[in-house]
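Asker: This is the structure I want to talk about, given as structure tokens.
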Amino acid sequence: MRIIFATGNQHKMKEIREILGDIGLEIVSMKEAGIEADIVEDGKTFEENAMIKATEIAKLCDDIVLADDSGLEIDYLDKAPGIMSARFMGEDTSYDIKNQALIDKLEGVPKEKRTARFVCAIAAVLPSGKQIVTRGTIEGMIGYEIAGENGFGYDPIFYVEEYGCTTAQLSPEEKNKVSHRGNALMAMKEKLEKEVPNL
120 MRIIFATGNQ HKMKEIREIL GDIGLEIVSM KEAGIEADIV EDGKTFEENA
170 MIKATEIAKL CDDIVLADDS GLEIDYLDKA PGIMSARFMG EDTSYDIKNQ
220 ALIDKLEGVP KEKRTARFVC AIAAVLPSGK QIVTRGTIEG MIGYEIAGEN
270 GFGYDPIFYV EEYGCTTAQL SPEEKNKVSH RGNALMAMKE KLEKEVPNL
């Protein structure tokens, strides 16, 4: 039995393997498992979208399937881009352009109104058919400029006061300890260890 993670994103796979590295099962992406699926993510929440992905892939294998849906919520923009984070301004638009566009939207907005959070929902479907969902968040604010080379996506504009830098300026080890995906994956790991013997 393996864990198949329903993503083609290599950045995510790297984080997932680092965080779940000691779980005792091989962790592979859909592509590495030879699974191709065109999944329509039409849920209204991160949790719904994650579960849509996990249940679709679970139909095609006998492994533990994990899927995530994550995004950035900016309070001043009514929690946009939210579940549309990956599709904001088009999926093929570079994050340099997306990040600059969000900074531009908040031009002149004072620090106390720039609050934001990353949200990650992880869904699991076990070979038994049992479904599990966990959620992780990290609170921060939208910075005034793009900063940092680590991380990916919206990390270079997500400023965490506690660390005095963006999540793209944290080391991978630091980020995995505090990130939304790290929190959700650690919660999922605990649940899987209770559900799956000998992990």
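Residue numbering for the sequence shown follows the numbering used here, starting at 120 and increasing by one per position. All residues carry an ideal CB built from backbone N, CA and C; glycine is no exception.
To the nearest angstrom, how far is the alpha carbon of residue 304 from that of residue 295?
Answerer: Using only the alpha carbons, I get a separation of about 10 angstroms.
Asker: Taking the beta strand (DSSP E) that residue 99 falls in, what are its first and last residues?
Answerer: There is no way to answer for residue 99, as the model of the chain reaches only from 120 to 318.
Asker: Do residue 156 and residue 97 have their beta-carbon atoms positioned less than 8 angstroms apart in this structure?
Answerer: Here the chain has residues from 120 to 318 only, and residue 97 is not among them.
Asker: For residue 288, count the other beta carbons within 10 Å of its own beta carbon; 16 or more makes it buried, fewer makes it exposed. Which is it?
Answerer: Per the 10 Å Cβ criterion, buried.
Asker: Would residue 290 be called buried (16 or more neighbouring beta carbons within 10 Å of its own) or exposed?
Answerer: Counting Cβ neighbours within 10 Å, residue 290 comes out exposed, since fewer than 16 surround it.
Asker: Does the distance from the C-beta atom of residue 172 to that of residue 243 stay below 8 angstroms?
Answerer: In this structure, residue 243 does not lie closer than 8 angstroms to residue 172 by Cβ.
Asker: I'd like to know whether the C-beta atoms of residue 267 and residue 274 end up nearer to each other than 8 angstroms.
Answerer: Their beta carbons are under 8 angstroms apart, which means residue 267 touches residue 274 by this criterion.
Asker: I'd like to check one pair, residue 213 with residue 299: are the Cβ atoms closer than 8 angstroms?
Answerer: No, the Cβ-Cβ distance between residue 299 and residue 213 is not below 8 angstroms.
Asker: If you scan the region 124 to 173 from start to end, which runs of the beta strand (DSSP E) of 3 or more residues do you find wholly inside it?
Answerer: List check, beta strand (DSSP E) in window: 146 to 148.
Asker: Classify residue 200 as buried or exposed, calling it buried when 16 or more other Cβ atoms lie within 10 Å of its own Cβ.
Answerer: Classification of residue 200: buried, given that the 10 Å Cβ count is 16 or more.
Asker: Considering only C-alpha positions, which residue in the set 176, 120 and 297 is nearest to residue 236?
Answerer: The shortest Cα separation from residue 236 among 176, 120 and 297 belongs to 297.
Asker: Around the C-beta of residue 197, are 16 or more other C-beta atoms found within 10 angstroms, so that it is buried, or is it exposed?
Answerer: With fewer than 16 other Cβ atoms within 10 Å, it is exposed.
Asker: For residue 187, collect the residues of the same chain with a Cβ closer than 6 angstroms to its Cβ; drop the 5 residues on either side in sequence, then sort them by chain order.
Answerer: Excluding residues within five positions, the ones whose Cβ falls inside 6 angstroms are 169, 239 and 241.
Asker: Quick one: what does DSSP say residue 250 is sitting in, helix, strand or coil?
Answerer: Three-state DSSP puts residue 250 in a strand.
Asker: So the beta strand (DSSP E) residue 187 belongs to, where does it begin and stop?
Answerer: Element bounds for residue 187: 183 to 193.
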